[in-house]
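Below is one structure, written out as structure tokens; comments come after it.
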């Protein structure tokens, strides 16, 4: 895996969803890099960029006060505990900065990315 700084620069260059402040996006990507190393996720650059776009859209939603519709709890049966825990870990610090509870829908959507990488 390339260095975190180099990879994050490549991801930021590929993200198409605009954000006002790139710092939160960078922080989320740094947390994800830690998780990817720990779980030995094999993420291609295109998957990293997809995650970056996902985070950028989430940041924009949260800053605007928008919420996604809830995901049915049964959907969580389709993802592993490791993917769900990794997702909650990555999202926790950003949500705490905004003084928001972590939205279960956001956890699920990110966990799907991690689950796909675990299965790949």
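In the numbering used here, the protein residues as written are 213 to 332.
Backbone N, C-alpha and C fix where the C-beta goes; we use that ideal spot for every residue, glycine too.
| Check | Outcome |
| --- | --- |
| Range covered by the alpha helix (DSSP H) that runs through residue 217 | 216-226 |
| Cα-Cα separation, residue 324 to residue 214 | 23 Å |
| With 16 other Cβ atoms within 10 Å as the buried cut-off, status of residue 310 | exposed |
| Length of the line joining the Cα atoms of residue 315 and residue 265 | 18 Å |
| Nonlocal neighbours in the same chain, by C-beta distance under 8 Å from residue 331, ignoring five residues either side | none |
| For residue 304 and residue 270, the rounded distance between their alpha carbons | 13 Å |
| Interface flag, residue 284 vs chain C, CB-CB below 7 Å | Of the protein chains in this structure there is only one, and it is not chain C. |
| Proximity winner among 280, 322 and 274, relative to residue 296 (alpha-carbon distances) | 322 |
| Exposure of residue 281, with buried meaning 16 or more beta-carbon neighbours within 10 Å | exposed |
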